[in-house]
Amino acid sequence: MEETKLSLSSEEWSIVADPEIILTKNAVLRKIKAALESLSHWQLGFVRENAGRLPEAVFEYNGKISKGENYKGLPYLILDYPRHFRPGHIFAVRSMFWWGKQVSVTLHLSGEWKERFADQLTSRLEGLKNEALYLSCHGDEWEHDVRGGSHILLSGPEHREGPDLLRNSSFIKLTYAAPVDQLERAPEFWREKFRNLTELLR
């Protein structure tokens, strides 16, 4: 039997009838994109001032901002820089805004880059146990939700598992994350944590 009416709840009808909701969302995303563009410019300057700190190969490409509407059903914006993506071999620092969830910065290493830096990062884990830093070495490599089951908090009781996870994994992700209610200070957060993560690789 064909549907002759569209059934929506009263809450759904109120949203459909109010264009300001989407217009406001779009305005917010434009502001966040502008903040990421500013961050990208700052990152280029930071890298120039600290030439030689990281392998030249990872700076082959400029930063790239990506956006979408459906990461687990929610809008997001991402800046990748440095970004060196080859199948099975990733070196990236990802600065992210995820609507309603978190602001984050992630160091993502796999393949040759994971092998190159794993011992160095393992030796530094103990010094990071008081940091609000998340480690992911298993499960979905593209999982960004630090509250998900694939991340452990290095300042939590699970931090003792970190060295073994690092050694036995195919990838490493280290993530600083802040709740979305701290969005106002996101530009400062992104810069500070970008600096912290690149310092780990010196």
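First residue of the sequence shown? That's 6 in my numbering, and the numbers climb one at a time after it. All residues carry an ideal CB built from backbone N, CA and C; glycine is no exception.
Where residue i and residue j are concerned, what is the direct C-alpha to C-alpha distance, given to the nearest angstrom?
i           : j           : result
residue 89  : residue 117 : 11 Å
residue 157 : residue 11  : 44 Å
residue 121 : residue 18  : 54 Å
residue 110 : residue 22  : 36 Å
residue 71  : residue 127 : 31 Å
residue 205 : residue 138 : 12 Å
residue 92  : residue 114 : 12 Å
residue 55  : residue 135 : 26 Å
Go ahead and pull the three-state DSSP assignment for residue i.
i           : result
residue 189 : helix
residue 204 : helix
residue 29  : helix
residue 152 : coil
residue 24  : helix
residue 94  : strand
residue 11  : coil
residue 88  : strand
residue 59  : coil
Going by DSSP, what residues sit across from residue i in a beta bridge?
i           : result
residue 5   : For the chain, the structure presents residues 6 to 207; residue 5 sits outside this window and is missing.
residue 115 : 176
residue 217 : Nothing about residue 217 can be reported from this structure: the residues present for the chain run from 6 to 207 only.
residue 82  : 72 and 102
So residue i packs on residue j, CB below 8 Å; how close in whole Å?
i          : j           : result
residue 33 : residue 108 : Contact flag wrong, Cβ pair sits at about 13 Å.
Note to self: Across the region 168 to 188 and the region 137 to 145, are there enough close Cβ pairs to call them in contact, namely three or more that are closer than 8 Å?
What the structure shows: yes
Check: Is the number of C-beta pairs between the region 43 to 51 and the region 76 to 91 that are closer than 8 Å three or more?
Finding: yes
Notebook entry, point to check: Would you say the region 90 to 101 touches the region 188 to 203, given that touching needs at least three Cβ pairs under 8 Å?
Noted result: yes
Check: With contact counted as at least three CB pairs below 8 Å, one residue from each stretch, are the region 69 to 80 and the region 46 to 60 in contact?
Finding: With a cut-off of 8 Å, the region 46 to 60 and the region 69 to 80 do not count as touching, because too few Cβ pairs lie within range.
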